[in-house]
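Read through the structure below, which is laid out as structure tokens, and then see the notes.
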């Protein structure tokens with residue numbers, strides 16, 4: 001199953017993004033998975049990815065849409081979040097030190113803990129793509 005959503009760069013649409021993702025997966029997976037665990041993980045990872053695209057990648061271009069793609073193949077879920085911003089140079093990212101009590105910079109760390117695989121492709125096919133993958137256990 002494949003689905004995609006084009007959504008404005010506005011955090012007011014966050015609940016629409018979440019409902020689209022979980023709705024698509026519930027239709028396909030039904031009661032074969034632990035929804036409380038899976039939905040929490042996917043929701044948090046998607047919220048981080050979408051809000052980063054809106055707040056950082058599109059901060060100077062609020063009319064640029066965010067494209068979210070979902071693919072479910074057997075028990076493998078792949079989510080792609082595409083933006084049209086300048087992109088983020090991953091070589092400049094350093095995980096925050098919890099002792100510094102810094103407010104931001106935890107999103108990448110959170111996504112890596114929640115998902116099986118996280119990849120970021122800078123300037124690929126006219127945009128930047130954050131790909132999140134997880135295998136669902138029954």
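In the working numbering, the protein residues as written are 1 to 138.
Cβ coordinates follow ideal geometry from the N, Cα and C atoms, glycine included.
Counting only runs of 4+ residues, the alpha helix (DSSP H) found wholly inside the stretch 42-120 occupies 107-114, in chain order. Rounded to whole angstroms, the separation of the alpha carbons of residue 26 and residue 1 is 12 Å. Annotation for residue 14: 47, 50 and 51 place their beta carbon closer than 8 Å to its own, counting only its chain and skipping 5 residues before and after.
The three-state secondary structure of residue 137, taken from DSSP, is coil. Rounded to whole angstroms, the gap between the alpha carbons of residue 133 and residue 24 is 16 Å.
Going by DSSP, residue 4 is part of the beta strand (DSSP E) stretching over 2-7. Per the Cβ contact rule, the stretch 77-90 is in contact with the stretch 114-128 (3 or more Cβ pairs under 8 Å).
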